[in-house]
Amino acid sequence: MNIRYQTEKTCAKLIDIQLEGDIVTGVQFTGGCSGNAQGVGALVKNRPIGEVVDLLRGIDCGGKGTSCPDQLAKALQETGTSSS
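Position 28 of the sequence shown, counted from 1, bears residue number 28 in the UniProt record's numbering, the numbering being contiguous throughout.
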């Protein structure tokens with residue numbers, strides 16, 4: 001399954017997520033800090049959705065109340081397949 005998620009309050013504007021069942025197989029951010037986005041994508045690759053959500057949910061960037069990792073967690077929660 002492929003998901004395209006439009007972010008809010010972050011430098012990245014979109015997150016494209018690839019899933020196989022409940023496993024995150026790929027993540028690409030459009031916009032934002034390229035190095036951080038690539039790092040987050042590499043760290044979550046081949047992890048279960050629930051684990052990724054638990055790790056990233058609630059991370060704040062600069063007092064915005066959210067961040068690119070938090071937005072990824074929200075996108076995954078909205079798939080309805082997360083165990084969290």
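Glycine included, each C-beta is placed from N, C-alpha and C at the ideal position. Being a predicted model, the structure only gives us computed values, none of them experimental.
Within its own chain, the residues whose Cβ lies closer than 8 Å to the Cβ of Val44, once the five positions on either side in sequence are excluded, are Val24, Val27, Val52, Leu55, Leu56, Leu72, listed in chain order. In this chain, the alpha helix (DSSP H) harbouring Lys74 covers 68 to 78. Straight through space, the alpha carbons of Ala12 and Cys33 are spaced by roughly 8 Å.
Spatial neighbours of Thr66 in its own chain (CB-CB distance under 6 Å, excluding positions within 5 residues in sequence) are listed in chain order as Lys9.
By DSSP's assignment, Thr30 forms a beta bridge with Leu14. Note on geometry: alpha-carbon atoms of Pro48 and Gly31 lie some 25 Å from one another.
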